[in-house]
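Chains as they are written, first to last, in UniProt numbering: chain C, 1 to 83; chain H, 1 to 83; chain U, 1 to 144; chain A, 1 to 144.
Positions of the beta carbon are idealized from the N, C-alpha and C atoms, including for glycine.
Since this is a predicted model, take the numbers as computed values, not measurements.
Here's the structure, in structure tokens; my notes come after.
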Amino acid sequence: MKLDVLYFAWLRERVGQPRERVETKAATVRDLVVELRAIDDYHDAALSDLTAVRVAVDQQLSDLDTPLADAREVAFFPPMTGG
Amino acid sequence: MKLDVLYFAWLRERVGQPRERVETKAATVRDLVVELRAIDDYHDAALSDLTAVRVAVDQQLSDLDTPLADAREVAFFPPMTGG
Amino acid sequence: MAIRVQSEPFDLSAELADFGAGAGAIVTFSGIVRDDTGAMVALELEHYPGMTESALTDIADRAAERWNLTDCLVIHRHGRLAVGEAIMMVATAARHRAEAFQAAEYLMDYLKSRAPFWKREIGRDGAGSWVEAKGSDEDALTRW
Amino acid sequence: MAIRVQSEPFDLSAELADFGAGAGAIVTFSGIVRDDTGAMVALELEHYPGMTESALTDIADRAAERWNLTDCLVIHRHGRLAVGEAIMMVATAARHRAEAFQAAEYLMDYLKSRAPFWKREIGRDGAGSWVEAKGSDEDALTRW
């Protein structure tokens, strides 16, 4: 399965890019995080502490247990600070 | 003591005038109401049920027990409906 | 900080042009003449000149102090107002949104029950009927 | 009912010109870039195009239904904003003031913690630092 993975704010800065396309068999967001952290030290640093990381699957707020079947886009970002 | 007595909204309509100057020895608002009701049937009708009447002494919200010593202006009106 | 009591219309937009410089949060409320029954053509607002201004100033001063407002504006009209016209507005400016919201709600709650205005609805037939105060308006004050 | 996400400034006054016809109560909130420390020159707002619009639409739809709003407007900017510039605004129109106030506060609370925006403060030296989310913003949601 091919997925677009997006990063925002300091996660984008740590990973070093705003988006990437990955080939994955991950069943859930949690599985995907394991694969992404293995890519390089930048990914590992960005995704090592998930307490301060939020995730959206196909632009819907989700969590680590959200299944990725049929997903096309997964985004990682810090807690929002709009308004 | 001379006092200006003012009426607003339906109290003004029932009394038939917006203000009048009265000579009184009333010690409190309650005493003044007794004197005003004795003036004529219009005053009596306007001030017979005080549950729906508010009073201000010298433009400060007051009540029936407020003393009138040094007062110059007493106003009677229904509960306010601004905003 | 400003209080105005006037019969003339006001323009919310124009009033806000210079309002609240330096604040992080601005809240405004405007009340508009509404015709719920389809039988009303206007509202007539009577007030108590002199006391109105001092009551509004007092309410605004207390709100400004309690919520550290950086700016505060109250405009209230009197006289005859057609359906759709703005009756009044308040604006509050503060550092944070919670302060600006609470101060605006406080101003409205007190203004409803403690500022000497009385509304009369004028129907299509020209007859007027005084608007009765709602118990809920008086109750609203207990939360402050 | 309208949602706009834009980098261009907006004019609160102009936005309100056609807002909320037929309502009895209109509440607005505007958030302005504030410099608390004296060391900030601008704010940079990053967002998630696509998700931002759908998140704001979702929040506004829920507010409109819950409080029977007759009108609702949300504008949020992104990109670089100087101190003193307006970041965003919401406006709500309803029959009564309690509905308009509550809906505006609900919109703000959800927008703060559920719309994908991230703020970075740019200092006089050009360095940026990400604004951290406050626990109190997340807590604010529990009241709804």
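Next on the checklist: Between which two residues does the alpha helix (DSSP H) holding residue 128 of chain A run?
Outcome noted: Per DSSP, residue 128 of chain A belongs to no alpha helix (DSSP H); it is in the beta strand (DSSP E), 128–130.
Checklist entry - Once you ignore the five residues that flank residue 98 of chain U on each side, which residues in its own chain have a CB closer than 6 Å to its CB? => result none
Checklist entry - For residue 50 of chain A, which residues in chain C fall below 7 Å Cβ to Cβ? => result 59
Next on the checklist: Per the DSSP calculation, residue 119 of chain U is bridged to which residue(s)?
Outcome noted: U:45
Item to check | Distance between beta carbons of residue 71 of chain A and residue 23 of chain A, contact taken as under 8 Å | outcome: 6 Å
Checklist entry - Quick one, which of U:9, U:19, U:107, U:127 has its alpha-carbon nearest residue 67 of chain U's? => result U:107
Next on the checklist: Here's the rule I'm using: 16 or more other beta-carbon atoms within 10 Å means buried, otherwise exposed. How should residue 82 of chain H be labelled?
Outcome noted: buried
Next on the checklist: For the segment 124–135 of chain A, list every residue whose C-beta sits within 9 Å of some C-beta in chain C, in sequence order.
Outcome noted: 130, 131, 132, 133, 134
Checklist entry - Quick one: which chain H residues come within Cβ less than 8 Å of residue 114 of chain U? => result 61, 80
Item to check | Closest residue to residue 31 of chain U among U:122, U:59, U:58, U:104 (Cα-Cα distance) | outcome: U:104
Item to check | Start-end ranges of the beta strand (DSSP E) lying completely within the segment 28–83 of chain C, minimum 3 residues | outcome: 54–57, 60–62, 73–77
Checklist entry - Can you find a CB in chain C that lies within less than 8 Å of the CB of residue 108 of chain A? => result yes
Next on the checklist: Going by DSSP, what residue range makes up the beta strand (DSSP E) through residue 29 of chain A?
Outcome noted: 25–32
Checklist entry - Bridge partners of residue 77 of chain A, per DSSP? => result A:6
Item to check | residue 4 of chain H: first and last residue of the uninterrupted beta strand (DSSP E) it sits in | outcome: 2–7
Next on the checklist: Quick check on residue 21 of chain C: buried or exposed, where buried means 16 or more other Cβ atoms within 10 Å of its Cβ?
Outcome noted: exposed
Next on the checklist: Under 8 Å, Cβ to Cβ, is there at least one residue of chain H near residue 46 of chain U?
Outcome noted: yes
Checklist entry - Which chain C residues are close to residue 101 of chain A, counting only those with a beta carbon under 7 Å from its beta carbon? => result Near residue 101 of chain A there are no residues of chain C at all, since even the closest Cβ is about 17 Å away, more than 7 Å.
Checklist entry - Who are the near neighbours of residue 89 of chain U in its chain, counting only those whose CB is closer than 8 Å to its CB and skipping five residues on each side? => result 10, 12, 15, 28, 29, 30, 31, 73, 74, 75
Checklist entry - What are the start and end residues of the beta strand (DSSP E) that includes residue 92 of chain U? => result 86–94
Checklist entry - Can you tell which of C:25, C:16, C:59, C:5 has the C-alpha that lies nearest to the C-alpha of residue 116 of chain A? => result C:59
Item to check | Exposed unless 16 or more other CB atoms sit within 10 angstroms - verdict on residue 6 of chain U | outcome: exposed
Item to check | Proximal chain A residues relative to residue 69 of chain C, where beta-carbon distance stays under 7 Å | outcome: The premise fails here: residue 69 of chain C is roughly 20 Å from chain A at the closest Cβ pair, so nothing lies under 7 Å.
Checklist entry - Does any CB atom of chain A fall closer than 8 Å to the CB of residue 38 of chain U? => result no
Checklist entry - Ends of the beta strand (DSSP E) at residue 19 of chain H? => result 19–23
Item to check | Identified DSSP bridge partners for residue 55 of chain U | outcome: Looking at the DSSP assignment, residue 55 of chain U forms no beta bridge with any residue, so it has no partner.
Item to check | Chain-ordered residues of the segment 23–34 of chain U with a beta carbon less than 8 Å from chain H | outcome: 31
Item to check | Backbone CA spacing between residue 49 of chain A and residue 78 of chain A [nearest angstrom] | outcome: 10 Å
Checklist entry - Between residue 3 of chain H and residue 72 of chain H, which are expected to be in contact by the criterion C-beta below 8 Å, what is the C-beta distance as a whole number of angstroms? => result 7 Å
Next on the checklist: Does the contact criterion of 3 or more C-beta pairs under 8 Å hold for the segment 122–141 of chain A versus the segment 19–37 of chain H?
Outcome noted: no
Checklist entry - For residue 34 of chain H, which residues of its own chain have a beta-carbon under 8 Å away from its beta-carbon, when the five flanking residues on both sides are left out? => result 26
Next on the checklist: Could you tell me the alpha carbon to alpha carbon distance between residue 46 of chain C and residue 93 of chain U, rounded to whole angstroms?
Outcome noted: 39 Å
Checklist entry - Does the separation of the CB atoms of residue 17 of chain U and residue 96 of chain U fall below 8 Å? => result no
Checklist entry - Start and end of the alpha helix (DSSP H) containing residue 97 of chain A? => result 97–114
Next on the checklist: I'd like to know if residue 180 of chain A contacts chain C, where contact means its C-beta is closer than 8 Å to some C-beta of that chain.
Outcome noted: Residue coverage of chain A in this structure runs from 1 to 144, which leaves residue 180 of chain A outside it and unanswerable.
Checklist entry - Ends of the alpha helix (DSSP H) at residue 36 of chain U? => result Neither: residue 36 of chain U is in no alpha helix (DSSP H) and is coded neither H nor E.
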